[in-house]
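Here is the structure we will look at, set down as structure tokens.
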Amino acid sequence: MLNDTIVAISTALGESAIGIIRMSGEDAIRIANDVFRPKSKEKLMDFRNKELVYGHIYNDNKIIDEVFAVYMKAPFTYTREDIVEINCHGGIIPLNQILKLLMKNGARMAEPGEFTKRAFLSGRLDLAQAESVMDLISAKTPKGFDVAFNQLEGRLSLKVKEMRNEIVTIMASIEVGIDYPEEDIEDVTFDEIKNHLESIKNKILDLINNSQTGKVLRDGLNTVIVGKPNVGKSSLMNALLREARAIVTDIPGTTRDVIEEHINIKGIPLKIVDTAGIRDTDDIIEKMGVERSKDYFNRADLIIFVLNAAEELTKDDIDIIDLIKDRNTIVLINKTDLPQLIDMDVINKYIRNDIIIRGAITLEHGLDQLEDKIVEMVYGDKIKKINENPIISNVRHINALEMAYEQTMDAIKSVENKMPYDFIEVDIKNIYDYLGEISGETIEEDVIKKIFSNFCLGK
Ligand SMILES: Nc1nc2c(ncn2[C@@H]2O[C@H](COP(=O)(O)OP(=O)(O)OP(=O)(O)O)[C@@H](O)[C@H]2O)c(=O)[nH]1
Ligand SMILES: [Mg+2]
Numbered sequence: 063m064l065n066d067t068i069v070a071i072s073t074a075l076g077e078s079a080i081g082i083i084r085m086s087g088e089d090a091i092r093i094a095n096d097v098f099r100p101k102s103k104e105k106l107m108d109f110r111n112k113e114l115v116y117g118h119i120y121n122d123n124k125i126i127d128e129v130f131a132v133y134m135k136a137p138f139t140y141t142r143e144d145i146v147e148i149n150c151h152g153g154i155i156p157l158n159q160i161l162k163l164l165m166k167n168g169a170r171m172a173e174p175g176e177f178t179k180r181a182f183l184s185g186r187l188d189l190a191q192a193e194s195v196m197d198l199i200s201a202k203t204p205k206g207f208d209v210a211f212n213q214l215e216g217r218l219s220l221k222v223k224e225m226r227n228e229i230v231t232i233m234a235s236i237e238v239g240i241d242y243p244e245e246d247i248e249d250v251t252f253d254e255i256k257n258h259l260e261s262i263k264n265k266i267l268d269l270i271n272n273s274q275t276g277k278v279l280r281d282g283l284n285t286v287i288v289g290k291p292n293v294g295k296s297s298l299m300n301a302l303l304r305e306a307r308a309i310v311t312d313i314p315g316t317t318r319d320v321i322e323e324h325i326n327i328k329g330i331p332l333k334i335v336d337t338a339g340i341r342d343t344d345d346i347i348e349k350m351g352v353e354r355s356k357d358y359f360n361r362a363d364l365i366i367f368v369l370n371a372a373e374e375l376t377k378d379d380i381d382i383i384d385l386i387k388d389r390n391t392i393v394l395i396n397k398t399d400l401p402q403l404i405d406m407d408v409i410n411k412y413i414r415n416d417i418i419i420r421g422a423i424t425l426e427h428g429l430d431q432l433e434d435k436i437v438e439m440v441y442g443d444k445i446k447k448i449n450e451n452p453i454i455s456n457v458r459h460i461n462a463l464e465m466a467y468e469q470t471m472d473a474i475k476s477v478e479n480k481m482p483y484d485f486i487e488v489d490i491k492n493i494y495d496y497l498g499e500i501s502g503e504t505i506e507e508d509v510i511k512k513i514f515s516n517f518c519l520g521k
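Each residue of the sequence shown is one higher than the last, beginning at 63 in our numbering.
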């Protein structure tokens, strides 16, 4: 199917000033010459490569629209094929009429992602880069866009290529071992292989560690505010949102249901959830709220646990402390503007000092520190490493890296146990293949199909 000429509307349908129709393939220029009449010369192909040309689209002798057309000659185009783009008026009628006309003249309607798929199949982009195109388009935050853009530029691909080259080197050492078994080079070779494998293992691990950040930058950090009733959870939600979203009263048990909102804190997208205060209660509605709180709590990436400084710790607090023990948590000790009754000695017994923030949310005290803490939680001490390494957010890439990591551990074990060379070689070949899945060098046809079918039409 690679030889036919495909066409699609590449801009969003609606009422916009301009809409773009893109056509790619051998017949693109022939079809364009049939329907487009430039104002100043005979045909589109009489103009310079990539020159924007003014004229009209004709169906037989009837003008359909006034447009600009551009001819991009292969091979220096997105698909590496001849491409013609037509900029027409952005309404549904002109776009659809021109699309139909081009199809009548021999173009086929493109499948979703087919332009990018051709870019991949022609070697213009590798698979990771092709996938980033979609992430670029669907990015919801500037940081998410940056991550995708870096990937399009090929930073991940380069890293994968480096590792695969290193594996080729290891394979060469193994071949030496296999080819000259009688020589006394065994120990040297084993050491050498192990060093290389360790280095690869660390590189893969760095990438995997960054992927958590990548996921957050793409989907938002799932943050849940918990605490017993009346400690100031809804007040915190409102303060972070900078609007009075949740109802705040001095009656414990005010929030009965969960409230979700999306916010951006210092460049990090958060999905923030205010929950019903967790306590033992007989009120049936409140009880349901408490159950839902626990549900959200279990799925959170980050928990903000709020305590009231103006009260002694209660059993409800201790119960929650128990729940958050192994979780990613920030503890806000709120209402520090009131006389303090909370016993810090007890708190310090249960909670690490570096995750505690003190403040008075109604006075906006501590809000800034809390926001900084959230940023720190996301980037952690990885800030430097993140800059050195590409951030990965694509689940398929993360899975491939995790498989490659497992295989590397297996290979290291085999080397340590001085297993036969051909045995070790199998593990190492697997690492090579899993890494190759990221760039698309070792991947099944149907996986590729599935990836591109998730694209939008016209991309
Ligand atoms: N003095 C003082 N009062 C505060 C502070 N933060 C919240 N409050 C008050 O505490 C009361 C309860 O606040 P909420 O934000 O409704 O508490 P909540 O944790 O959402 O309570 P539930 O929804 O019942 O679980 C309100 O009267 C707030 O004005 C603070 O920092 N200082
Ligand atoms: Mg509330």
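Glycine is no exception: its CB is placed at the ideal position from the N, C-alpha and C atoms.
Remember, predicted model here, so these are calculated numbers, not experimental data.
Are there any heavy atoms of ligand 2 lying less than 8 angstroms away from the beta-carbon of residue i, as far as the coordinates show?
{"i": "A338", "result": "yes"}
{"i": "A308", "result": "yes"}
{"i": "T424", "result": "no"}
{"i": "T67", "result": "no"}
{"i": "T343", "result": "no"}
{"i": "K290", "result": "no"}
{"i": "K295", "result": "yes"}
{"i": "T178", "result": "no"}
{"i": "T470", "result": "no"}
{"i": "T504", "result": "no"}
{"i": "T231", "result": "no"}
Measuring straight from C-alpha to C-alpha, what distance separates residue i and residue j?
{"i": "P331", "j": "N456", "result": "17 angstroms"}
{"i": "I445", "j": "P452", "result": "Only weak support is given to the placement of I445: the predicted model assigns it a pLDDT of 44, under 50, and the value that follows is read from those uncertain coordinates. About 12 angstroms."}
{"i": "L218", "j": "M465", "result": "17 angstroms"}
{"i": "G351", "j": "I409", "result": "27 angstroms"}
{"i": "K397", "j": "I454", "result": "40 angstroms"}
{"i": "S78", "j": "I155", "result": "12 angstroms"}
{"i": "E353", "j": "T343", "result": "11 angstroms"}
{"i": "M225", "j": "I145", "result": "35 angstroms"}
{"i": "A301", "j": "D495", "result": "49 angstroms"}
{"i": "N415", "j": "L298", "result": "21 angstroms"}
{"i": "L463", "j": "L497", "result": "7 angstroms"}
{"i": "I125", "j": "Y133", "result": "20 angstroms"}
{"i": "I255", "j": "Q213", "result": "30 angstroms"}
{"i": "D96", "j": "L106", "result": "10 angstroms"}
{"i": "S184", "j": "K511", "result": "15 angstroms"}
{"i": "D508", "j": "D197", "result": "21 angstroms"}
{"i": "R99", "j": "N111", "result": "17 angstroms"}
{"i": "F211", "j": "K202", "result": "13 angstroms"}
{"i": "L221", "j": "M471", "result": "Reading the sequence as shown, one finds Lys at residue 221 and not Leu. One C-alpha to the other measures close to 19 angstroms."}
{"i": "I486", "j": "E237", "result": "11 angstroms"}
{"i": "D241", "j": "Q191", "result": "39 angstroms"}
{"i": "C518", "j": "I199", "result": "9 angstroms"}
Opposite residue i in the DSSP bridges: which residues?
{"i": "L283", "result": "L332"}
{"i": "F130", "result": "Y116 and N149"}
{"i": "P100", "result": "G117"}
{"i": "S86", "result": "I68 and I145"}
{"i": "G81", "result": "C150"}
{"i": "I325", "result": "L332"}
{"i": "V288", "result": "F367"}
{"i": "K124", "result": "N121"}
Nearer than 8 angstroms: is that true of the beta carbon of residue i relative to any heavy atom of ligand 3?
{"i": "I334", "result": "Ligand 3 is absent from the structure shown, which contains only ligand 1 and ligand 2."}
Is residue i near ligand 1, in the sense that its beta carbon is under 8 angstroms from a heavy atom of that ligand?
{"i": "L298", "result": "yes"}
{"i": "T285", "result": "no"}
{"i": "K397", "result": "yes"}
{"i": "Y314", "result": "The amino acid occupying residue 314 in the given sequence is Pro; Tyr does not appear at that position. Yes; taking the cut-off as 8 angstroms, the Cβ of P314 has a heavy atom of ligand 1 nearer than that."}
{"i": "L400", "result": "yes"}
{"i": "V320", "result": "no"}
{"i": "V393", "result": "no"}
{"i": "H324", "result": "no"}
{"i": "G76", "result": "no"}
Please work out which residues of its chain come closer than 8 angstroms, Cβ to Cβ, to residue i, disregarding the five sequence neighbours upstream and downstream, and give them in chain order.
{"i": "R170", "result": "D66, T67, I68 and V69"}
{"i": "K435", "result": "I392, I417 and I419"}
{"i": "D188", "result": "F182, G216, S219, S501, G502 and E503"}
{"i": "K447", "result": "Confidence at K447 is low in this model, with a pLDDT of 46, below 50, so the placement of that residue is unreliable and no value is reported for it."}
{"i": "I327", "result": "L302, E433, I436 and V437"}
{"i": "R389", "result": "A362 and I365"}
Excluding the 5 residues preceding and the 5 following residue i in the sequence, name in chain order all residues of the same chain whose CB lies nearer than 6 angstroms to its CB.
{"i": "E143", "result": "S86, G87 and A136"}
{"i": "K205", "result": "L279 and G329"}
{"i": "E176", "result": "I68"}
{"i": "I505", "result": "E499"}
{"i": "G76", "result": "none"}
{"i": "A74", "result": "none"}
By Cβ distance below 7 angstroms, which residues in the same chain neighbour residue i in space, the five residues on each side in sequence not counted?
{"i": "L375", "result": "I404, D405 and V408"}
{"i": "V440", "result": "T275, V278, L283 and I330"}
- Task: Write down every uninterrupted run of the beta strand (DSSP E) in the segment 401-467 whose length is 3 residues or greater and which is fully enclosed by it, in chain order.
- Result: 418-420
- What are the uninterrupted segments assigned as beta strand (DSSP E) that are 3 or more residues long and contained completely in the segment 354-404, given in chain order? 364-370 and 391-396
- Item | Minimum length 3: unbroken beta strand (DSSP E) runs contained in the segment 134-220 | 145-152
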